[in-house]
Amino acid sequence: MEIATLPPSTIVPEVLKKDNYERWSILIKHYLVAQDVWDVVDPNQRTEEMNERVRIKKNALALHAIKISCGAKAFDLIKDIQSAGDAWQALLDMSNVSDIPRRPEFVPPHMPTHEDEGFISSLSIFLAKIHLSV
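Letter by letter, the sequence shown follows residues 1 to 134 in UniProt numbering.
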């Protein structure tokens with residue numbers, strides 16, 4: 001009986017390692033923006049109207065995505081961190097990358113509507129299935 005090997009994360013094709021921070025950060029940031037949780041990672045994107053319950057939920061989703069997309073060494077570095085923004089910064093600091101911005105500058109062209117969220121969710125599922133079948 002053959003055992004199938006699954007990728008460690010369907011969010012990114014390769015977990016974060018010491019030498020791939022730039023690629024990883026671009027992919028995970030796009031995922032977090034699509035899930036409408038980037039604002040808990042980047043303090044420049046936060047709004048005053050975000051209530052505490054929404055902030056906690058967004059932080060949990062973003063932190064989970066970041067942690068499951070890390071290799072073992074990176075995960076060990078951030079396993080006890082409870083803030084998605086702090087985890088992101090710790091991983092950036094660990095990577096010793098100096099030629100990219102401290103906070104990536106991608107900003108979505110508009111805030112997603114409920115219709116966009118459904119499409120984004122469907123697209124994410126579709127892409128994950130394609131990734132698993134390759």
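Note that CB positions come from ideal geometry on N, CA and C, so glycine has one too.
Values in this document were obtained by computation on a predicted structure and should not be read as measured data.
Taking C-alpha positions only, residue 19 is separated from residue 25 by approximately 12 angstroms.
For residue 90 against residue 41, the beta-carbon gap comes to about 12 angstroms, at or over 8 angstroms, which does not count as contact.
Residue 71 holds the alpha-carbon nearest to the alpha-carbon of residue 13 among 95, 62, 71.
No Cβ-Cβ contact shorter than 8 angstroms links residue 74 with residue 81. Annotation for residue 23: 14 place their beta carbon closer than 8 angstroms to its own, counting only its chain and skipping 5 residues before and after. Taking the Cα positions, residue 66 is about 14 angstroms away from residue 94.
For residue 61, the enclosing alpha helix (DSSP H) starts and ends at 52–68.
If one requires a minimum length of 4 residues, the alpha helix (DSSP H) runs lying completely within the UniProt domain "DUF4219" (18–41) are 21–34, in chain order.
Taking C-beta atoms as the reference points, residue 31 and residue 56 fail to come closer than 8 angstroms.
Taking 8 angstroms as the upper bound for CB-CB distance, residue 33 and residue 58 are not in contact here, some 12 angstroms apart. Apart from sequence neighbours up to five positions away, the residues of its chain that approach residue 61 with a beta-carbon distance below 7 angstroms are 35, 37, ordered along the chain.
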